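Here is the structure we will look at.
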Amino acid sequence: MEGVRETAAQPNGDGGDVNLAEQVWRNAAADADAVQFIRPDPDPRSWPVRRSGGGGPLPVTCRQFRDDVLALARGFLAAGVAHADRVGLLCRTRYEWTLVDYALWSIGAVTVPIYDTSSVDQIRWIIGDSGAVGCVVETAEHAAIVHGLRPDLPRLRQTWRIDAGDLIELAAGAGAVDTAQVDARRDAVTGEDMATIVYTSGTTGAPKGCVLTHRNISVDVTSAVAGLPQLLHPGASTVLFLPLAHAFARLIQVGVVHTRATMVHSADMSEVLDQLRRFRPTFILAVPRMFEKMHDQARRAAEDGHRGGLFTLGERLAVRYSRALDRPTGPGLALRLAHLFFDVVAYRRLRAALGGRCRMAIVGGAPLGERLGHFFRGVGITVLEGYGLTETSPALAANLPAAMRIGTVGRPLPGVQIRIADNGEILARSQVVFVGYWNNPEATEETFTDDGWLHTGDLGHLDDDGFLRITGRTKEIMVTAAGKNVAPAPIEERVRAHPLVSQCMLVADGRPYVAALVSVDPPAWQRWRDAHGHPGASLADLRDDPQLRAEIQEAIDQANRTVSHAEQVKTFRILPRDLTEADGELTPTLKIKREVVQDHFAEDIAALYRRR
């Protein structure tokens with residue numbers, strides 16, 4: 001397949017014949033007392049708490065992490081976990097997740113992550129398809145699910161429950177296994193060995209298991225660290241709250257260990273802001289939806305304090321200031337003085353919500369949008385947008401502090417080649433590209449071109465300076481009854497910018513015109529109904545209210561101004577509730593599962609196309 005543009009390959013340092021766990025031993029030798037992790041509220045029943053006295057957050061040094069990994073690795077060996085054996089890991093983001101991951105890597109075993117929010121059918125599929133011989137679970141509920149599936153999982157021999165102390169017992173029962181056996185197993189691992197099988201989130205079809213090797217992940221981390229020295233270095237810190245079952249969060253985990261930075265695991269999303277204020281990270285990892293919510297919450301707080309007009313002025317100034325930073329001359333004196341004023345009266349409060357020290361963030365998983373990118377850089381938080389797939393370990397491109405262009409996902413990382421096919425699809429080739437789908441040679445063959453390039457399934461283009469801009473997904477391109485192609489993502493993103501909107505999903509395939517399903521943000525809804533004289537009313541009762549529809553129409557109108565007439569949204573339907581992960585409508589990284597939403601709200605979609 002001929003390409004329109006292609007980036008040049010760059011040196012990357014191939015990672016060598018490396019076991020990812022080797023860095024744990026290197027860190028303990030290089031700086032044993034450096035704090036590698038902080039356990040916010042450690043549970044001694046899940047993994048031993050070793051401290052001289054007192055309570056509170058527990059620092060875990062590089063030496064202690066090495067010792068913990070070694071103890072658990074000996075336990076897995078004693079339990080009969082062999083080289084290349086797959087072990088499921090069904091757990092929220094917490095210290096024990098990382099501990100299990102590195103313990104398995106240190107003996108050449110393979111981690112199979114499972115989201116703690118996965119359905120019973122998804123859990124059955126992932127454990128069964130991977131052929132896992134064991135599964136580490138977090139809670140009694142998880143253990144009960146896996147136990148109920150045992151008749152369908154003939155290869156599953158053992159289950160270990162974290163909050164019941166099973167990992168402690170596993171490590172304690174390793175008396176017959178000495179350190180030399182772990183060392184021998186670790187030394188035997190090469191870069192070509194499987195490190196993990198990560199199952200796709202399944203926005204379309206059954207999840208597929210992406211096989212990633214130690215070299216895949218090592219090369220990706222090496223490239224990311226080289227490009228982000230301001231983020232990942234000794235002394236840097238982050239609070240990780242995204243699920244570690246996602247490859248994006250996993251990359252940061254490995255990057256933290258690679259650089260001896262410090263990580264705080266935060267399992268409860270409702271406590272994230274408290275953890276950020278408590279531990280004051282220097283950078284964070286997030287999905288764009290978090291920044292949308294931060295922006296909306298800041299606006300609501302300003303309005304509650306009768307400072308709504310001031311917030312609007314500050315928002316506009318932040319965007320102007322950020323755009324001026326991209327000019328050769330930079331911001332003028334008047335703009336700099338105005339920015340200084342708003343920094344004192346407004347911007348510092350927003351930064352304080354992230355702990356006060358965080359000046360950079362990495363986002364991925366969905367487009368952030370230029371508006372928010374400029375806003376947050378203008379208030380003093382540079383949001384670096386990147387791009388990748390589970391199949392690419394996952395990072396392919398990223399904006400870097402020294403080379404960024406808001407509205408793009410940056411330039412390809414060192415060692416990554418990007419090529420744009422004639423149909424606009426992004427193709428990739430690199431050592432970070434996975435070896436294939438587990439137990440699925442047909443899908444593996446389909447995902448590569450004849451000359452070895454990976455089909456990403458995303459549409460985009462490279463500008464003259466090599467920055468990549470994502471324009472949509474090949475599978476999400478909609479074709480109206482009139483034959484007009486519509487890329488939904490850009491329009492949906494602009495509609496979501498309205499403070500009342502939570503989610504927006506276009507409908508157009510085979511239809512006479514483009515329409516939209518819109519869900520309302522629950523906190524914003526409560527404020528709106530009270531302000532408009534409807535206290536206690538449900539959204540389902542008022543979704544056809546003329547005033548409410550007029551506000552959503554405003555968001556639709558603004559989005560419509562950015563596209564051609566044929567692509568414009570002609571009508572919309574307000575849903576009776578927000579889309580949720582619990583109902584299977586969103587992935588754990590808050591992407592919309594279009595097929596599920598279409599099924600759940602089929603009647604609403606039908607109403608969009610009744611005689612107008």
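Quick note: the sequence shown, position 571, residue 571 per full-length UniProt numbering, numbers continuous. From the three backbone atoms N, C-alpha and C, an ideal C-beta is built for every residue, glycine too. Note that the structure is predicted; figures quoted are calculated from it, not measured.
Contact with chain D by Cys504, beta-carbon distance below 8 Å: Chain labels in this structure do not include chain D; a single protein chain is all it has.
Cut-off 8 Å between Cβ atoms - residues of its own chain near Arg371, not counting five sequence neighbours on either side: Val319 and Ala497
First through last residue of the alpha helix (DSSP H) which encompasses Asp220: His214 to Gly227
Three-state class that DSSP yields for Pro288 in the structure shown: helix
Span of the alpha helix (DSSP H) around Ala73: Ala73: member of the alpha helix (DSSP H) spanning Cys62 to Ala78, first to last residue.
CA nearest to the CA of Gly47, picked from Val133, Ile168, Ser564 and Trp125: Note on identity: in this sequence residue 47 is Trp, with Gly being the wrong assignment. Per the Cα distances, Ile168.
Continuous beta strand (DSSP E) assignments of at least 3 residues falling wholly in the segment 409 to 479: 417 to 421, 425 to 429, 454 to 462 and 468 to 473
Residue span of the beta strand (DSSP E) that contains Pro113, given as start and end: Val110 to Ile114
Which of helix, strand or coil DSSP assigns to Gly175: coil
Residue from Gly584, Asp68, Leu240 and Ala352 with nearest C-alpha to Arg94: Leu240
Classification of Arg348 by the beta-carbon crowding that lies within 10 angstroms, buried from 16 upward: exposed
CB contact flag (Gly227, Leu400, <8 Å): Yes, they are a contact pair.
Environment of Ala9 [buried if 16+ CB atoms lie within 10 Å]: Since pLDDT at Ala9 reaches only 39, below the 50 mark, its modelled position is unreliable, and no value is offered.
8 Å contact criterion, which Leu608 and Thr571 should meet: CB distance rounded: Right, the Cβ-Cβ distance comes to about 6 Å (below 8 Å), so this counts as a contact.
Exposure of Phe311, with buried meaning 16 or more beta-carbon neighbours within 10 Å: buried
Rounded Cβ spacing between Ile107 and Val182 (contact assumed at less than 8 Å): 6 Å
Reduced DSSP category for Leu389 - H, G, I as helix; E, B as strand; rest coil: coil
Of the listed residues Leu90, His83, His147 and Lys484, nearest to residue 638 (C-alpha basis): Residue 638 is absent from the structure shown; the chain starts at 1 and stops at 612.
Element boundaries [beta strand (DSSP E), containing Ala29]: That residue, Ala29, is in no beta strand (DSSP E); its alpha helix (DSSP H) goes Glu22 to Ala30.
Beta-carbon proximity of Ile418 to Leu468, cut-off 8 Å: With respect to the 8 Å criterion, Ile418 and Leu468 are classified as neighbours on the basis of their beta carbons.
Contact check, Val136 vs Val100, beta carbons under 8 Å: yes
Straight-line gap, Ser564 to Leu350 (C-alpha atoms, nearest Å): 36 Å
Beta-bridge partners of Gln158, as assigned by DSSP: Gly134
Bridge-paired residues (DSSP) for Arg382: In the sequence as displayed, the identity of residue 382 is Thr instead of Arg. Met360.
Check whether Gln431 and Arg250 have beta carbons under 8 Å apart: no
CB of Ala361 within 8 Å of CB of Leu384, strictly: In this structure, Leu384 lies closer than 8 Å to Ala361 by Cβ.
Closest residue to Ser502 among Val120, Ala352 and Asp578 (Cα-Cα distance): Asp578
DSSP three-state assignment for Lys593, whether helix, strand or coil: coil
First and last residue of the uninterrupted alpha helix (DSSP H) at Ser106: Tyr95 to Ser106
Top-ranked residue by Cα proximity to Gly191, from Glu96, Leu20, Ala172 and Gly80: Leu20
Those runs of the alpha helix (DSSP H) which lie wholly inside the segment 219 to 277 and span at least 4 residues: 247 to 259, all fully within the segment 219 to 277.
Nearest candidate by alpha-carbon position, reference Leu506, set Ile197, Ala180 and Leu517: Leu517
Terminal residues of the beta strand (DSSP E) in which Thr196 lies: Met194 to Tyr199
Pairwise C-alpha distance: Ala395 and Ala353: Ala353 and Ala395: Cα-Cα distance of roughly 28 Å.
Thr571 (DSSP reduced to helix, strand or coil): strand
Local Cβ density within 10 Å of Gly134, reported as buried at 16 or more and exposed below that: It is buried - the Cβ of Gly134 has at least 16 other Cβ atoms within 10 Å.
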